[in-house]
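Chemist:
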Amino acid sequence: MTRRLRLADIERLRRTRGRTVLLYLTDRCPVGCAHCSVAALPAGPRITDHRLFAGILAGICAEPGIEAVAISGGEPFAERRGLVLAVDAFADAGKDVVLFTSGHWASGPRCPRWITRVLERSSTVILSTDSFHRAAVDRRRFCRAVAHAARAGCHLVLQLLDEPGAVPFAEEVLRDTLGDDWSGRAEITLITPLRAGRGGGVFAIGRRYGVAELGPCPLTASPTVRYDGVITGCCNESVITGGGPRALRRRATGAAEVRAALAAFRDDPLLRAVGSVRPDDLVRLPPFAALAGARYPDVCGLCWRLHETAGDDGSRLLTALMGRGGGT
2 MTRRLRLADI ERLRRTRGRT VLLYLTDRCP VGCAHCSVAA LPAGPRITDH RLFAGILAGI
62 CAEPGIEAVA ISGGEPFAER RGLVLAVDAF ADAGKDVVLF TSGHWASGPR CPRWITRVLE
122 RSSTVILSTD SFHRAAVDRR RFCRAVAHAA RAGCHLVLQL LDEPGAVPFA EEVLRDTLGD
182 DWSGRAEITL ITPLRAGRGG GVFAIGRRYG VAELGPCPLT ASPTVRYDGV ITGCCNESVI
242 TGGGPRALRR RATGAAEVRA ALAAFRDDPL LRAVGSVRPD DLVRLPPFAA LAGARYPDVC
302 GLCWRLHETA GDDGSRLLTA LMGRGGGT
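In short: position in the sequence shown from 1, add 1, done, that's the numbering used here.
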């Protein structure tokens, strides 16, 4: 029986090294929002090498420590063949599936059988909406997506951009589709704007932070595997699409290389340190001291500078810190 994961369960797994991975299934999305953090488009790139994709799935499935796989993009439901293969492979391997989607696929009152099967084999559906999405996925369609996922037995998380009216809108949708007792079957979460992809031109950088104001980034515990074999050490959208330090990206051509890359990121000393050590302590290590006085838009900005500074010597530079029990 498929386990239903609440948001707290997902976050707990995501912050534990080696327990989760994000499968970035496609760059295609029919919504085409102006603020898309990965710049996905209706005619965006999609899976073309299905032999490679099969190897990617096999590599993830063969990792015994991985308990849950999140599937995102782009819009996963725009990649029918790949989504069905991925959900079946992960469910058969005993791994929980968490789907991120806009709900665009809920075009009518009846749900196609292949979509129902995907939903039935998934643990949780995270449905995203905001003022940008609603130009293509209006309230009626979004409500249908909520209803279809609920009927399939999924736990639901409504993920909304933190903007005026977001929570009342979500509560109204859940009451209308699930009834007044919806809280046992669904949750609401707010997210901050992402200044990546097209979102980089929509959302301005706010304040910058000193090192002492930043904390560890536990999301370095969850790598991302893209449909074309690119594997990144975290979920940062800019890294996924080719930005950031080269050390945060690897490429795999088959199952064995997928497993090797996942193991390398899981054990990487600098990623482990960024995920668990206060930045104040990191910048006390040479040659990171020069980074102490700068200000950063977020912890990702500091992480990039740490990787650029460390180069190929990250393991050596962190030996003393790791020896004291930090960065585990």
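Even glycine gets a Cβ: it sits at the ideal position worked out from N, Cα and C.
Do you know whose CA, among P219, I241, G216 and T221, lies nearest Y228's CA?
Modeler: Ranking P219, I241, G216 and T221 by Cα distance to Y228 puts I241 first.
Chemist: For A59, which residues of its own chain have a beta-carbon under 6 Å away from its beta-carbon, when the five flanking residues on both sides are left out?
Modeler: Closer than 6 Å at the Cβ level, and outside the excluded window around A59, lie A256.
Chemist: Under 8 Å, with one C-beta from each stretch per pair, do the region 33-43 and the region 4-24 reach the 3-pair mark?
Modeler: Touching, no, given that fewer than three Cβ pairs across the two stretches are closer than 8 Å.
Chemist: Is H51 buried or exposed, if buried means 16 or more other CB atoms sit within 10 Å of its CB?
Modeler: Burial call: exposed.
Chemist: In terms of DSSP beta bridges, what is E188 paired with?
Modeler: Partner(s): V158.
Chemist: Between the region 264-280 and the region 207-221, are three or more C-beta pairs nearer than 8 Å?
Modeler: At 8 Å Cβ cutoff, the stretches touch.
Chemist: Buried or exposed, going by whether 16 or more other CB atoms sit within 10 Å of the CB of R29?
Modeler: Classification for R29: buried.
Chemist: Going straight from the alpha carbon of P270 to that of P113, what length do you get?
Modeler: Each residue's Cα considered, the two are about 46 Å apart.
Chemist: Using 8 Å as the threshold, is the C-beta distance between V98 and A92 below it?
Modeler: Cβ distance < 8 Å, so V98 and A92 count as in contact.
Chemist: Hey, is R122's beta-carbon within less than 8 Å of any beta-carbon in chain B?
Modeler: The structure shown has no chain B; it contains just one protein chain.
Chemist: With a 10 Å radius around its C-beta and 16 neighbouring C-beta atoms as the bar for buried, classify P77 as buried or exposed.
Modeler: With 16 or more Cβ atoms within 10 Å of its Cβ, P77 is classed as buried.
Chemist: What ranges does the beta strand (DSSP E) occupy inside the region 161-219, keeping only unbroken runs of at least 3 residues that lie completely in it?
Modeler: Segments of the beta strand (DSSP E) lying fully in the region 161-219: 187-192.
Chemist: Distance check for I189 and L286, CA to CA, integer angstroms please.
Modeler: Roughly 41 Å between the two C-alpha positions.
Chemist: In this structure, does DSSP put S129 in helix, strand or coil?
Modeler: Note: S129 maps to strand in three-state DSSP.
Chemist: Measure from the alpha carbon of V203 to the alpha carbon of each residue in R5, C34, I11 and H149, then state which is nearest.
Modeler: Per the Cα distances, C34.
Chemist: Ignore the nearest five residues each way along the sequence and tell me which others in R15's own chain have a CB closer than 6 Å to its CB.
Modeler: Once the five neighbours on either side are set aside, the close Cβ partners of R15 are T21 and S223.
Chemist: Shortest alpha-carbon distance to E309 belongs to which of G245, P298 and D268?
Modeler: Cα-wise, what sits closest to E309 is G245.
Chemist: When DSSP labels each residue in this structure, what does L6 get in the three-state scheme?
Modeler: DSSP places L6 in coil when its eight states are reduced to three.
Chemist: Quick check on G75: buried or exposed, where buried means 16 or more other Cβ atoms within 10 Å of its Cβ?
Modeler: By the 10 Å Cβ count, G75 comes out buried.
Chemist: Mind checking which residues open and close the beta strand (DSSP E) that includes I232?
Modeler: Here the beta strand (DSSP E) through I232 covers V231 to T233.
Chemist: Give me whichever residues DSSP pairs with S73 in a beta bridge.
Modeler: DSSP lists Y25 as partners of S73.
Chemist: Just how far apart, CA to CA, sit R7 and G294?
Modeler: Straight-line Cα distance between these residues: approximately 40 Å.
Chemist: Does DSSP put D97 in a helix, in a strand, or in coil?
Modeler: Strand at D97.
Chemist: Give the DSSP-derived three-state secondary structure of V226 in the structure shown.
Modeler: Looking at V226 - three-state DSSP - the assignment turns out to be strand.
Chemist: Does the distance from the CB of G104 to the CB of A146 come in under 8 Å?
Modeler: Result yes, Cβ atoms of G104 and A146 sit closer than 8 Å.
Chemist: Could you tell me which whole alpha helix (DSSP H) segments of length 4 or greater appear in the region 102-127?
Modeler: Complete alpha helix (DSSP H) runs here, min 4: 114-121.
Chemist: In this structure, what does DSSP give as the bridge partners for L42?
Modeler: According to DSSP, which records beta bridges pairwise, L42 is partnered with R29.
Chemist: By the three-class DSSP mapping on this structure, what secondary structure does R285 have?
Modeler: Looking at R285 - three-state DSSP - the assignment turns out to be coil, as it is neither helix nor strand.
Chemist: Helix, strand or coil for R1? Go by DSSP, reduced to three states.
Modeler: As shown, the chain starts at 2 and ends at 329. That puts residue 1 outside it, with no answer to give.
Chemist: If you compare alpha carbons, which of R186, C304 and A205 is closest to A274?
Modeler: Out of R186, C304 and A205, C304 has the C-alpha closest to the C-alpha of A274.
Chemist: By alpha-carbon positions, which one of P31, G312, I11 and C155 ends up nearest to S124?
Modeler: It is C155 whose Cα lies nearest to the Cα of S124.
Chemist: Helix, strand or coil for R267? Go by DSSP, reduced to three states.
Modeler: Three-state result, R267: helix.
Chemist: According to the Cβ coordinates, are G56 and V231 closer than 8 Å?
Modeler: Result no, Cβ atoms of G56 and V231 do not sit closer than 8 Å.
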